[in-house]
Amino acid sequence: MKHLLLILTCFISFQTISQTKLLKDVSSTKQMSVEVTTLFKQNKINEAFQILTPYWPIPQNEIETLKEKIIKYTNIISNRFGAPFNYLKVKDETISDIAKRETYLIQYENTAVRLIFTYYKSKNGWIVNAFKWDDNFTEEFITTK
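Quick note on the numbering used here: the sequence shown kicks off at 92 and runs consecutively.
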């Protein structure tokens with residue numbers, strides 16, 4: 092019985108981890124960021140997460156919770172600030188050849204939403220390390236002293 096419980100626990104643990112694929116190179120990360128950003132602009136959040144999930148090694152329930160919150164808030168944003176009409180890449184940052192972060196803005200009629208993709212190069216390929224979205228696009232202004 093103990094062995095069955097251990098096997099079942101391991102099986103459930105493996106089933107709750109979403110990441111099963113690796114991106115082969117940096118151009119693949121860029122392509123994914125553009126695809127997901129385009130889908131966000133079109134308010135196709137489910138489809139965007141279908142692209143992200145296989146490359147993102149976090150539990151499925153965390154991804155589902157995040158997706159539900161994003162769907163709720165993107166609908167609120169559209170109702171309050173108008174429809175999205177454009178997106179643009181704001182910056183591309185790297186840490187040597189092991190990590191990269193891409194930042195995009197989706198323009199709405201009266202505000203913008205920022206999408207931040209962070210990728211990590213594991214020993215076998217690139218994975219999604221983090222995905223964040225918010226309305227703090229003012230942090231993207233370059234300040235000079």
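Heads up, the beta-carbon is just placed ideally off N, CA and C, and yes, glycines get one too. Every value quoted in this text rests on a predicted model; they were computed, and no experiment measured them.
Inspect the beta-carbon positions of residue i and residue j and report whether they are closer than 9 Å.
i	j	result
V181	Y195	yes
I136	I168	no
K191	I207	no
V204	F131	yes
L113	N227	no
E126	I142	yes
Here's the rule I'm using: 16 or more other beta-carbon atoms within 10 Å means buried, otherwise exposed. How should residue i be labelled?
i	result
K115	exposed
A139	buried
I197	buried
T111	exposed
T165	buried
Comparing alpha-carbon positions, which option in the options lies nearest residue i?
i	options	result
S187	L130, E153 and Y211	Y211
A221	N134, L179, Q133 and P150	P150
S124	L179, N152, L157 and E230	L179
P175	F232, P148, T229 and T128	T128
R171	N152, T229, T202 and P148	T202
S213	P148, T144 and Q122	P148
So, for residue i: in the same chain, excluding its five sequence neighbours on each side, which residues have a beta-carbon less than 6 Å away from its beta-carbon?
i	result
Q133	none
E184	R192
I98	Note on I98: pLDDT 37, under 50, position unreliable in the model; the coordinate value appears next. Nothing listed; no residue qualifies.
D225	R205
Can you name, in chain order, every residue of its own chain whose Cβ lies under 7 Å from the Cβ of residue i, other than the five neighbours on each side?
i	result
V117	K191
Here's a check: name, in chain order, each residue in its chain whose Cβ is nearer than 8 Å to the Cβ of residue i, leaving out the five neighbours to either side.
i	result
T120	L114, K191, E193, F208, Y210 and W217
E231	V181, K182, T194, L196 and R205
From the DSSP output, read off the bridge partner residues of residue i.
i	result
K112	Its beta-bridge partners do not exist; DSSP assigns none.
E155	For E155, which the question treats as bridged, DSSP gives no partner whatsoever.
T185	K191
K212	W217
P145	Looking at the DSSP assignment, P145 forms no beta bridge with any residue, so it has no partner.
Using a beta-carbon distance below 9 Å, is residue i in contact with chain B?
i	result
V181	Here there is only one protein chain, and chain B is not present.
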